[in-house]
Amino acid sequence: MRIDEETIEKVRKSLDIVEVVGEYVQLKRQGRDNTGLCPFHSERTPSFHVSQDKQLYHCFGCKAGGDIFTFIQEIEGIDFPEAIALLADKAGIVLPNMDYNQQNPLKNDNTKTLYHGMELLSKFYQYLLLDSRYGRAAQSYLKERHFDPETIKTFQIGYAVDSWETAAKFLIKRKFSPEQFAEIGLLLKREFDGKFYDRFRHRVMFPIHDQRGRTVAFAGRVLDNQKPKYLNSPESQVFHKGKILYGYHLARATIKQLSEVILFEGYVDVIKAHQAGIKNAVASMGTSLTSEQVSLLSRNTENIIICYDSDQAGTEAAFRAAEMLKSFNGSIKIARMPQGMDPDDYIDRYGGEHFRNNVLGASLTIMAFKMQYLRYGKNLNDEGERLRYIERVLHEIAKLKKAVERDHYLRQLSDEFSISLDALKQQQYQIYRNEKQQHDSHNQTKPNTINSRLLPKNRTLFPAYQMAERRLLAHMMHDADVAEQVQERLGGAFNSDIHQALAAYLYGFYSEGRSADVSTFIHTIKDRELKSAATEIAMMSVNTDVSPQEIDDYIDQVHKHAKKVEIENKEKEKKDAERNQDFDKAAHILAEIISMKKQLENR
1 MRIDEETIEK VRKSLDIVEV VGEYVQLKRQ GRDNTGLCPF HSERTPSFHV
51 SQDKQLYHCF GCKAGGDIFT FIQEIEGIDF PEAIALLADK AGIVLPNMDY
101 NQQNPLKNDN TKTLYHGMEL LSKFYQYLLL DSRYGRAAQS YLKERHFDPE
151 TIKTFQIGYA VDSWETAAKF LIKRKFSPEQ FAEIGLLLKR EFDGKFYDRF
201 RHRVMFPIHD QRGRTVAFAG RVLDNQKPKY LNSPESQVFH KGKILYGYHL
251 ARATIKQLSE VILFEGYVDV IKAHQAGIKN AVASMGTSLT SEQVSLLSRN
301 TENIIICYDS DQAGTEAAFR AAEMLKSFNG SIKIARMPQG MDPDDYIDRY
351 GGEHFRNNVL GASLTIMAFK MQYLRYGKNL NDEGERLRYI ERVLHEIAKL
401 KKAVERDHYL RQLSDEFSIS LDALKQQQYQ IYRNEKQQHD SHNQTKPNTI
451 NSRLLPKNRT LFPAYQMAER RLLAHMMHDA DVAEQVQERL GGAFNSDIHQ
501 ALAAYLYGFY SEGRSADVST FIHTIKDREL KSAATEIAMM SVNTDVSPQE
551 IDDYIDQVHK HAKKVEIENK EKEKKDAERN QDFDKAAHIL AEIISMKKQL
601 ENR
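When we follow the UniProt record's numbering, the leftmost residue of the sequence shown carries the number 1, and every step to the right adds one.
Below, the structure is given as structure tokens:
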């Protein structure tokens, strides 16, 4: 698919990179830029910057950077034609000769075919549910479970009829390869005759969507006594359970608006919460929380409330989730359900407002939850169990970052068990020291286990000549006249190979009659390393009203360094000549060195 530059520019000018990136990353205004946690690598301190003026983003940690198209390609894992189509759709621009929503631009691409087939199948299941000839039993079940029509429509809930080949025939009739859908587990193949049949039969169907809202899997709930009661699509090339939060595509806007997310275990809990007006709800779908899911949550909100079932398994899962989130800098709370109830049941019985006030509103801090968790099943009247409990709690208190929090929970222990506060503080500090020594010792013995991408690298200190070259390039990106002046006086004589390449790109960019536009220029660079370097330089804060003297100083710095390198090379030649006892040559080179040094002093 060829898209002309005019259309690309029209899409670019119609969208604001801050708004587009803001759909994926929680951004805060900081000076002239917007900052947040980088979505491309794990970090605790924001090093990801988005410039509204320049329409660029750059991470000073992992060096990811580029324009609005680069961001969508990287965050969505798609190619440029898909990125331009996605952004054009967002901007309300129809691309020439292509209806992206209905036409598959790369018909041989297996993944795109699967997405298309899954979406059609999702609509087909909903059609079967809503048609009383087929979906009467499923309709009755959903009505008994208090699902309203609007919710069914929003979550695209459907029904797989009690038949062996309905989905298989549907897909084959529409020219899809049944082998492809057998590979992702939607269809199964009989050994004795090689025919394909449906995995889901006589089940209420809950489509599972990725963060872009594409159907990637299904969860089916049985309507009779079949086993298993719940059946999910297996992992596949389009469905990675640990990377998806159920309902995220619907909840993302509200999560960002409220800066709060409610994390459930199951998809029905999410659906009921949305139906009750709690639209910042997502679910980990019954699995232990993964690092990918944590990353998705942490870059979009500052407040997380974990609301899992009240049984022992739910409590254990909530504890594990809290542990996974320990690197999260925001607020984490645990909402405790009444014994024997899950969020779905509670909302049905008491309503959304009651759930919001009495369950979510009464959420515990992680430390308060851990204290409850650690005392579960213990007889605290027994001295041995009581001391073991206090020891475990002190280990958890020692992990708290804030002194106020540590003091608060130490006082709670002191009051409850009538123990000296000073004694508790001393023991807690001893635990902290011991664990810190173990941690430091472990890091010293295994220095290579630390991922260098996680270390803070917000700013690099460059030598004077490199800083001069960077500032020259930054001014050249913003001003064609400066670029022309530098080309005449310096040409490609930059000391850094990367800077030489960027200068060549800039000279070529302006030679085509283009005006200065940083975002457009960076879009023309195809090499990832060069694009990253160009973006980092473009994000530098430089005075737009640059003086001729400032440009002269930068060019002089570049020339001086080149001359110094030339002198160093001559001195090496001189030493080689002396080593070979070619003293005439050494004397000749020395004369050249003296002349070059005089020239350098007179610059």
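For every residue, glycine included, the Cβ atom is placed at its ideal position computed from N, Cα and C.
Rounded Cβ spacing between residue i and residue j (contact assumed at less than 8 Å)
i: Gln-52; j: Val-18; result: 5 Å
i: Val-270; j: Thr-301; result: Wrong, their Cβ atoms sit about 16 Å apart, outside the cutoff.
i: Leu-171; j: Gly-117; result: 6 Å
i: Gly-36; j: Val-20; result: Incorrect: roughly 13 Å between the Cβ atoms, too far for contact.
i: Gly-352; j: Gly-266; result: Contact flag wrong, Cβ pair sits at about 17 Å.
i: Leu-296; j: Met-324; result: The Cβ separation is near 12 Å, so there is no contact.
i: Val-486; j: Val-546; result: Actually they are not in contact, since the Cβ atoms of Val-486 and Val-546 sit about 11 Å apart, beyond 8 Å.
i: Gly-330; j: Val-282; result: With a Cβ gap of about 16 Å, Gly-330 and Val-282 do not count as contacting.
i: Lys-272; j: Asp-210; result: With 8 Å as the limit, Lys-272 and Asp-210 do not qualify as a contact, their Cβ atoms being about 22 Å apart.
i: Tyr-432; j: Met-367; result: With 8 Å as the limit, Tyr-432 and Met-367 do not qualify as a contact, their Cβ atoms being about 15 Å apart.
i: Val-558; j: Glu-469; result: 6 Å
i: Ile-537; j: Ala-474; result: 5 Å
i: Ile-304; j: Asn-280; result: With 8 Å as the limit, Ile-304 and Asn-280 do not qualify as a contact, their Cβ atoms being about 10 Å apart.
i: Gly-61; j: Glu-43; result: 6 Å
i: Ile-589; j: Ala-577; result: 6 Å
i: Thr-111; j: Val-216; result: About 10 Å separates the two Cβ atoms, so there is no contact after all.
i: residue 608; j: Leu-600; result: This structure cannot settle anything about residue 608, because the visible part of the chain is limited to 1 through 603.
i: Leu-114; j: Gln-180; result: 6 Å
Bounding residues of the beta strand (DSSP E) (the contiguous stretch that carries residue i)
i: Phe-170; result: Segment 166-173 is the alpha helix (DSSP H) holding Phe-170; no beta strand (DSSP E) there.
Limits of the unbroken alpha helix (DSSP H) element including residue i
i: Ile-551; result: 548-579
i: Thr-544; result: Unbroken run through Thr-544: none, as it is neither H nor E.
i: Gly-22; result: 17-22
i: Leu-56; result: Leu-56 -> not in any alpha helix (DSSP H); beta strand (DSSP E) instead, spanning 56-59.
i: Ala-88; result: 80-91
i: Val-11; result: 5-14
i: Ala-586; result: 583-601
i: Leu-120; result: 110-130
Strand pairing of residue i, partner residues [DSSP]
i: Asp-33; result: Gln-30, Ser-51
i: Leu-413; result: DSSP lists no partner for Leu-413.
i: Leu-187; result: Asp-198
i: Met-205; result: Gly-158, Gly-220
i: Ile-306; result: Leu-263, Ile-334
i: Gly-65; result: His-58
i: residue 608; result: Given a span of 1 to 603 for the chain in the structure shown, any question on residue 608 remains unanswerable.
Cβ of residue i within 8 Å of any chain D Cβ
i: Leu-121; result: The structure shown contains no chain D; it holds only a single protein chain.
Requested in this report: Scan the segment 311-384 and note each continuous alpha helix (DSSP H) run of 4 residues or more that stays entirely inside, going in chain order.
Outcome: Listed in chain order, they are 312-324, 343-350, 352-355, 366-375.
Report task. Quick one: which unbroken beta strand (DSSP E) runs of 3-plus residues sit fully inside the segment 220-295? Chain order, please. Result -> DSSP runs (the beta strand (DSSP E)) wholly in the segment 220-295: 230-232, 261-264, 281-283.
Query raised in the report: Any chance the segment 225-235 sits against the segment 148-159, with 3 or more Cβ pairs inside 8 Å?
Result: The segment 225-235 vs the segment 148-159: no contact.
Query raised in the report: Would the segment 501-519 and the segment 573-588 be scored as touching if the rule is three or more Cβ pairs under 8 Å?
Result: Taking 8 Å as the limit for Cβ pairs, the verdict is that the segment 573-588 does not touch the segment 501-519.
Query raised in the report: Counting only runs that start and end within the segment 460-539, where is the alpha helix (DSSP H) found for 4 or more residues in a row?
Result: Correct list: 464-478, 480-489, 497-511, 518-524, 528-538.
Report task. May I ask you to verify whether the segment 333-341 touches the segment 306-316, counting CB pairs closer than 8 Å and requiring at least 3? Result -> Touching, yes.
**Report entry** Inter-stretch contact at 8 Å, needing at least 3 Cβ pairs: the segment 83-93 / the segment 1-15
**Finding:** A contact exists between the segment 83-93 and the segment 1-15.
Query - Meets three-Cβ-pair contact criterion under 8 Å: the segment 505-525 and the segment 421-430 - result: In this structure the segment 505-525 does not lie against the segment 421-430, because fewer than three pairs of beta carbons, one per stretch, are closer than 8 Å.
Query - At least three beta-carbon pairs within less than 8 Å, the segment 366-375 to the segment 389-398 - result: Three or more Cβ pairs closer than 8 Å define a contact, and the segment 366-375 meets that threshold against the segment 389-398.
Requested in this report: Kindly confirm or deny that the segment 142-155 and the segment 173-192 touch, where touching means at least three C-beta pairs closer than 8 Å.
Outcome: The segment 142-155 is not in contact with the segment 173-192.
Query raised in the report: Per the contact definition of three or more C-beta pairs closer than 8 Å, is the segment 196-207 in contact with the segment 217-227?
Result: These segments touch.
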